[in-house]
Structures are given as structure tokens and as C-alpha cells.
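Numbering (UniProt numbering), first residue to last: 81 to 358.
Beneath this line is the structure, given in C-alpha cells, with notes to follow.
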Ligand code: PMP
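And the structure:
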């Protein structure tokens with residue numbers, strides 16, 4: 081397979097949830113060649129099911145596939161597969177206000193490869209699960225801790241794409257933070273260790289007066305789809321939105337802070353701990 085998003089994925093079928101067979105030398109198991117997406121289906125009050133901007137997820141997977149040197153399904157194939165999966169599972173879409181159906185598309189190097197190289201074959205699959213709130217706080221304010229020992233991503237790395245390895249790198253910091261009672265971890269840039277990047281699974285916004293700032297997309301944070309939507313909404317409401325470097329000092333001086341993501345939706349931040357001070 082060549083690097084780049086011109087995949088030819090065929091034989092899609094709906095199967096019961098269960099284990100999949102993989103070679104022990106599958107590219108994804110040995111070299112982390114995998115991308116995923118996350119989106120949600122909501123039940124509207126009239127019973128219809130609403131998918132939130134699935135094309136955006138398809139495009140993000142396609143963009144990521146080039147960085148991960150793997151083929152990706154076309155936008156049409158991706159969106160069609162998501163729709164068919166949701167339709168086949170529509171009884172699992174919770175009633176309005178009772179949560180949503182989380183949809184997890186997964187693209188992996190499933191072919192066997194021993195030496196370090198892109199896998200010779202790829203598998204695209206989608207599974208779903210009903211979900212409620214992401215944080216135990218629900219939509220009440222969360223408590224973040226700023227991490228300055230571990231970094232999530234470095235310039236030139238894979239932080240800008242939704243690859244599985246990015247999440248492996250946050251597990252330790254996230255577990256340690258949760259054991260201490262924090263809701264999640266906020267990461268700083270790997271070069272200066274002072275500009276905000278993002279939280280383990282969401283983007284961050286800082287409000288000061290009529291201005292809302294959020295870290296710019298420069299290859300080390302995920303271009304969140306909720307982030308993009310919230311920027312549009314905020315601008316339409318007359319806020320000045322700035323995508324730029326945002327320092328820890330500005331964060332600590334903010335009027336309000338919130339996080340955005342498919343899982344966390346829009347979660348207000350109630351407290352921030354940095355260098356042992358809350
Ligand atoms: N950053 C990271 C690291 C994430 O995993 C996510 C969730 N996909 C986000 C930000 C938010 O992205 P989105 O709004 O597209 O869910």
C-alpha cells in the first residue's frame with residue numbers, strides 16, 4: 081500500500097460486536113499504525129436520529145491517514161458506513177436528554193509485517209455504544225491539573241492526527257491525576273513548556289471579557305470538530321475568537337475556561353492546579 085488516502089475498502093458488512101482476528105505481526109499491534117474517530121448520534125424529540133457533522137470526521141481520518149502512511153476510506157464511504165452502522169443499531173440510541181450513541185470508526189494496519197514498514201493490508205471498522213456524560217461531574221465544572229513533566233505531542237510528531245499512540249502517551253499522567261482526584265490533565269507545549277495544548281480528550285478555551293482564545297492548530301493538537309463548531313457559534317454571538325499561543329499565565333488570569341470535544345461536549349472548568357497551587 082502507498083501512503084495516502086486512496087483506499088479501496090470493500091465487503092462492508094454488519095456483524096455482531098465481538099473479537100476480530102489479527103495476526104500477531106499485524107502492523108497496528110507492533111508499530112501502532114492505527115487511526116480512530118469519535119462522533120455521536122443523538123435522538124431528537126421527534127424520534128429522528130441526528131448525526132453531528134460526520135463528514136468532518138471522515139475528512140480528519142483522511143488527513144491523518146497520510147501522516148500514518150495508510151490508505152483511508154473516501155468521505156462518502158466513511159459517512160455511508162457510519163449511517164448504516166447507526167441504522168443497524170438504532171435501538172441503542174438513547175432518548176433525547178438521556179445520552180447519545182457514541183460511534184467509534186477505527187482504521188488499522190491489519191496486515192502482517194515484521195520489519196518496520198507500513199502494513200500490507202488495512203481494516204476499517206466501526207463499533208458503537210450508548211454513552212452518558214464523560215466526566216463523573218456530568219456537566220458541572222471539572223478540575224484540571226496542568227502537567228509539565230509529560231508531553232502529549234512534539235512538533236513534527238503525530239499530535240495533530242487521531243492516531244492510537246497519542247492516547248498511549250497520556251495514560252500514565254491521566255491515571256495519576258485521577259488518583260489524586262482531578263478530572264483530567266491539561267498538557268503544555270513540548271518546546272517552551274508554557275503554552276496550552278489540550279486536555280487528554282478535548283480542546284481548551286480561555287475567556288477574558290469579550291475575547292475567547294484557544295491554542296492554534298499547528299500540528300501538535302487535534303483539530304477538534306466541536307472546537308471548530310464552538311468557534312463558529314462564539315463568533316456568531318459577537319465574541320472575538322483568537323486562535324494563537326495561549327500561555328499558562330493567561331489561563332490562570334481568565335474569567336472563564338471550558339473544554340470542548342465529542343465526548344465532553346462543552347465542559348466548564350472550575351479549578352486549575354499548576355505547580356502544586358490551585
Ligand atoms: N483533543 C483530543 C486529544 C481528542 O481526543 C479529542 C476528541 N476527539 C478532541 C481534542 C476533541 O475533538 P472533537 O471535538 O472532534 O471530538
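In this text, a Cβ means the ideal position worked out from N, Cα and C, and glycines have one as well.
{"Item": "Minimum length 3: unbroken beta strand (DSSP E) runs contained in the region 184-217", "Value": "202-211"}
{"Item": "Check: residue 281 C-beta below 7 Å from any heavy atom of ligand 1", "Value": "yes"}
{"Item": "Which of helix, strand or coil DSSP assigns to residue 110", "Value": "helix"}
{"Item": "C-alpha gap between residue 265 and residue 284, whole angstroms", "Value": "11 Å"}
{"Item": "Inside the region 207-286 only - beta strand (DSSP E) runs reaching at least 3 residues", "Value": "222-227, 264-268, 276-279"}
{"Item": "Ligand 1 heavy atom lying under 7 Å from the CB of residue 147", "Value": "no"}
{"Item": "Straight-line gap, residue 122 to residue 130 (C-alpha atoms, nearest Å)", "Value": "5 Å"}
{"Item": "C-alpha gap between residue 310 and residue 342, whole angstroms", "Value": "12 Å"}
{"Item": "Rounded separation between residue 184 and residue 228 - CA only", "Value": "30 Å"}
{"Item": "Chain-order list of residues whose beta-carbon lies under 6 Å from that of residue 241 (same chain, five-residue window excluded)", "Value": "144, 147"}
{"Item": "Touch test, the region 198-206 against the region 233-252, Cβ-Cβ under 8 Å, three pairs minimum", "Value": "no"}
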